[in-house]
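*Asks:* Sharing a structure below in structure tokens format, with a few things to ask.
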Ligand SMILES: NC(=O)c1ccc[n+]([C@@H]2O[C@H](COP(=O)([O-])OP(=O)(O)OC[C@H]3O[C@@H](n4cnc5c(N)ncnc54)[C@H](O)[C@@H]3O)[C@@H](O)[C@H]2O)c1
């Protein structure tokens, strides 16, 4: 889908969206698209992205693609939530009038009557969420001091950590990470928490990052070994954990990877479906990214459970990702399909079952 050729209803039909809403309030500089993909399991949850898109079709593509992805992420995470996403076609560096614009967008969300819950995403911050909260309760991911779920990163890291344990159990018949060698690409919010847990478990961790400060912290506080951005693909290791950018598993990097497992937090780790067969040929076990990085969305979603967010509920759900990974890998063997394909199938099956129950 490129240029201005986009046929919105055609795309909506193909991807199965329930609703796409456009908001336009030039008085406050607001141009927004909200995509509600599926609400069978519950309100559609997904972040609010703020970005200067090249053209409108790019923004629509983002909204449709990402909201569909959120449906599968929430479903496989066992949440009673659906998938949605919003994109503001606005400069993320906007300062003047930002508060007023988010007040307005809060009102827009309120008009959707809770069918869509927004949260922080690329270009937006907790302050923006708090401004929307003044107009609607359908904005999530605010600070723990204010009764919210706080930073989602430690939960995302916890989900990845338990997935790595599940994957090692399958590969090596042991949950013990002591002595395992893990390469960690990116020691940012999620990567640093993951590094801490891995080191506590006795794993050897080799990291890379574009930030010298992060590398220094990883080395001095957690005893990580450091390699350059390019070398990370050539390190002989057990697990490759991409926790920075997307599409790092691609036709160029795959021949270089010598790991047994790929399990990390980054979104869209695989360049495209063509790498499935190469991953299988190399006997690498791939843990679907949208499953193992769902700790953050679980925590944010926890703000909408009865009684509000709780650490215990969140921890139980996030630790359950371990069982979900085993289930996906079992089904992957049974169905002779790539784990990512099976994860989407299982997510769709849960929605279908709920839909059938609702019909009675
Ligand atoms: N934060 C969450 O809860 C969460 C949830 C789901 C998915 N994710 C995904 O996980 C990834 C990491 O998220 P985060 O919140 O830790 O982001 P972050 O920005 O805090 O950390 C990313 C780190 O990667 C480094 N980096 C950037 N380019 C790099 C490169 N080419 N090679 C190596 N390092 C590089 C950055 O310097 C930074 O330290 C992202 O892909 C994000 O979309 C995060």
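Numbering (our numbering), first residue to last: 110 to 469. Cβ atoms here follow ideal geometry from the backbone N, Cα and C, with glycine treated the same way.
Does the Cβ of residue 325 lie closer than 7 Å to at least one heavy atom of ligand 1?
*Replies:* Taking the chain shown and counting its residues from 1, one reaches residue 325 at position 216. Not under cutoff, so the answer is no.
*Asks:* Output the residue ranges of the alpha helix (DSSP H) runs that lie fully inside the stretch 291-328 and measure 4 residues or longer, sorted by chain position.
*Replies:* DSSP runs (the alpha helix (DSSP H)) wholly in the stretch 291-328: 298-309.
*Asks:* So, residue 402 versus residue 265, is the Cβ gap smaller than 8 Å?
*Replies:* Position 293 of the chain shown, counting from 1, holds the residue named residue 402. Position 156 of the chain shown, counting from 1, holds the residue named residue 265. Yes; because the gap between Cβ atoms is below 8 Å, this pair is in contact.
*Asks:* For residue 323, count neighbouring Cβ atoms within 10 angstroms of its own Cβ and tell me buried if that reaches 16, exposed if not.
*Replies:* Locating residue 323 in the chain shown gives position 214, counting from the first residue. Burial call: buried.
*Asks:* For a test of your reading of the model: does the CB of residue 245 fall under 7 Å from any non-hydrogen atom of ligand 1? Yes or no.
*Replies:* Start at 1 with the first residue of the chain shown, and residue 245 comes out as number 136. No.
*Asks:* Report the three-state DSSP secondary structure of residue 350 (helix, strand or coil).
*Replies:* Here residue 350 corresponds to residue number 241 of the chain shown, with the count starting at 1. The answer is strand: DSSP assigns residue 350 an E or B state.
*Asks:* Identify, in the order they occur along the chain, each residue of the same chain with its Cβ nearer than 8 Å to the Cβ of residue 139, setting aside the five sequence neighbours on each side.
*Replies:* Mapped onto the chain shown, residue 139 falls at position 30. These residues qualify, in order along the chain: 132, 133, 197, 199, 210, 213, 214 and 217.
*Asks:* Would you list the residues sitting across from residue 248 in a DSSP beta bridge?
*Replies:* Taking the chain shown and counting its residues from 1, one reaches residue 248 at position 139. According to DSSP, which records beta bridges pairwise, residue 248 is partnered with 227.
*Asks:* Using only the alpha-carbon positions, how far apart do residue 460 and residue 170 sit?
*Replies:* By one-based count along the chain shown, residue 460 stands at place 351. By one-based count along the chain shown, residue 170 stands at place 61. Looking at the two C-alpha atoms, the distance is approximately 23 Å.
*Asks:* Taking residue 349 as the reference, which of 189, 293 and 365 has the closest Cα?
*Replies:* As a first step, residue 349 must be located in the chain shown, where it is residue number 240. Nearest C-alpha to residue 349: 293.
*Asks:* Give me the Cα-Cα distance between residue 306 and residue 417, rounded to the nearest whole angstrom.
*Replies:* On the chain shown, position 197 is the one that residue 306 refers to. On the chain shown, position 308 is the one that residue 417 refers to. So the alpha carbons of these two residues sit roughly 27 Å apart.
*Asks:* What span of residues does the alpha helix (DSSP H) with residue 396 cover, start to end?
*Replies:* As a first step, residue 396 must be located in the chain shown, where it is residue number 287. Per DSSP, residue 396 belongs to no alpha helix (DSSP H) and is neither H nor E.
*Asks:* Check residue 192 in the structure and name its three-state DSSP category.
*Replies:* Stepping through the chain shown from its first residue, residue 192 is reached at position 83. Residue state, collapsed to three classes: strand.
*Asks:* Give the C-beta separation of residue 262 and residue 355 to the nearest angstrom, bearing in mind that I take them to be a contact with Cβ-Cβ under 8 Å.
*Replies:* Here residue 262 refers to the residue found at position 153 when the chain shown is read from its first residue. Here residue 355 refers to the residue found at position 246 when the chain shown is read from its first residue. In fact, because the Cβ distance is near 17 Å, the residues do not count as touching under 8 Å.
*Asks:* Answer yes or no: the CB of residue 222 versus the heavy atoms of ligand 1, is any distance below 7 Å?
*Replies:* Position 113 of the chain shown, counted from the first residue, corresponds to residue 222. No, since every heavy atom of ligand 1 falls outside the 7 Å radius drawn around the Cβ of residue 222.
*Asks:* Can you give me the Cβ contacts of residue 390 inside the same chain, cut-off strictly under 8 Å, excluding the 5 residues immediately before and after it?
*Replies:* Residue mapping note: residue 390 aligns to position 281 of the chain shown, counting from 1. Same-chain partners within the cutoff: there are none.
*Asks:* Taking the CB atoms as reference points, tell me whether residue 295 and residue 260 lie closer together than 8 Å.
*Replies:* Against the chain shown, residue 295 aligns to sequence position 186. Against the chain shown, residue 260 aligns to sequence position 151. No, they are not a contact pair.
*Asks:* Since residue 66 sits in a beta bridge, which residues does DSSP pair it with?
*Replies:* This structure cannot settle anything about residue 66, because the visible part of the chain is limited to 110 through 469.
*Asks:* What does DSSP give as the partner residue(s) for residue 154 in the beta ladder?
*Replies:* By 1-based counting over the chain shown, the position of residue 154 is 45. Bridge partners of residue 154: 192 and 226.
*Asks:* Please state the DSSP three-state secondary structure of residue 344.
*Replies:* The sequence position of residue 344 within the chain shown is 235, counting from 1. The answer is coil: DSSP assigns residue 344 none of H, G, I, E or B.
*Asks:* Which residues in the same chain have their Cβ closer than 6 Å to the Cβ of residue 274, if we skip the five residues on either side of it in sequence?
*Replies:* Residue numbering aside, residue 274 sits at position 165 when the chain shown is read from its first letter. So the list reads 284, once near-sequence residues are dropped.
*Asks:* Going by DSSP, which residues form a beta bridge with residue 379?
*Replies:* On the chain shown, position 270 is the one that residue 379 refers to. Residue 379 pairs with 358.
*Asks:* How is residue 425 classed by DSSP in three states: helix, strand or coil?
*Replies:* Along the chain shown, one-based indexing puts residue 425 at 316. Reduced to three states, the DSSP call for residue 425 is helix.
*Asks:* Using 8 Å as the threshold, is the C-beta distance between residue 153 and residue 407 below it?
*Replies:* By 1-based counting over the chain shown, the position of residue 153 is 44. By 1-based counting over the chain shown, the position of residue 407 is 298. For residue 153 and residue 407, no; Cβs fall outside 8 Å.
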